[in-house]
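Accompanying notes for the structure given below.
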Amino acid sequence: MAIYEVNDQNFKDEVGSGLKLVDFWAPWCGPCKMIAPVLEEVATDVEGKADIAKLNVDDNQATASEYEVMSIPTLILFKDGQPVDKVVGFQPKEQLVALIDKHA
Numbered sequence: 012m013a014i015y016e017v018n019d020q021n022f023k024d025e026v027g028s029g030l031k032l033v034d035f036w037a038p039w040c041g042p043c044k045m046i047a048p049v050l051e052e053v054a055t056d057v058e059g060k061a062d063i064a065k066l067n068v069d070d071n072q073a074t075a076s077e078y079e080v081m082s083i084p085t086l087i088l089f090k091d092g093q094p095v096d097k098v099v100g101f102q103p104k105e106q107l108v109a110l111i112d113k114h115a
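All residue numbers for the sequence shown refer to my numbering, where the first residue is 12 and numbers rise by one.
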């Protein structure tokens, strides 16, 4: 499945069921740009187990604030709407796949 965008309005609905890895990012963030192709690979590897979504923190400050996102990229793994794991900064593909597998 392709990576899709979420926002303040649809966030709760989008992460409400199943396993979702949400990338909190911004267009001006260098490490966010570096992790984007890694997330594309992860999305292919975890297809059927988890979905990957992106939330632009500049445009969706309410959700970023709710989950206490202070640095980007921050990746939060949600299981049925509840945050179950969180990593900050660039992460290698293997680490992200392992994070998802741990909760799948």
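Note that the Cβ used here is the ideal one computed from N, Cα and C, for glycine as well.
Please read these numbers as outputs of a predicted model, since none were measured by experiment.
Residue nearest to Lys104 within the set Asp70, Met45 and Asp69 is Met45 (criterion: CA-CA distance).
Taking a C-beta distance under 8 angstroms as the contact criterion, Ile111 and Val57 qualify as a contact pair. In this structure, Lys31 lies near Phe89, with their beta-carbon atoms less than 8 angstroms apart. In the structure shown, Val80 adopts coil according to DSSP, grouped into three states. With 16 or more other Cβ atoms inside 10 Å of its own Cβ, Gln102 counts as buried. Scanning the segment 59-106 for uninterrupted beta strand (DSSP E) segments of 3 residues or longer gives 62-67, 85-90 and 93-99, listed from N- to C-terminal end. Here Val26 carries a helix assignment [DSSP, helix/strand/coil]. Under the 10 Å beta carbon count, Thr74 is surrounded by 16 or more other beta carbons and is classified as buried. In the structure shown, Val49 falls within a helical segment according to DSSP collapsed to helix, strand and coil. Rounded to the nearest whole angstrom, the CA to CA distance from Val99 to Ser82 is 7 angstroms.
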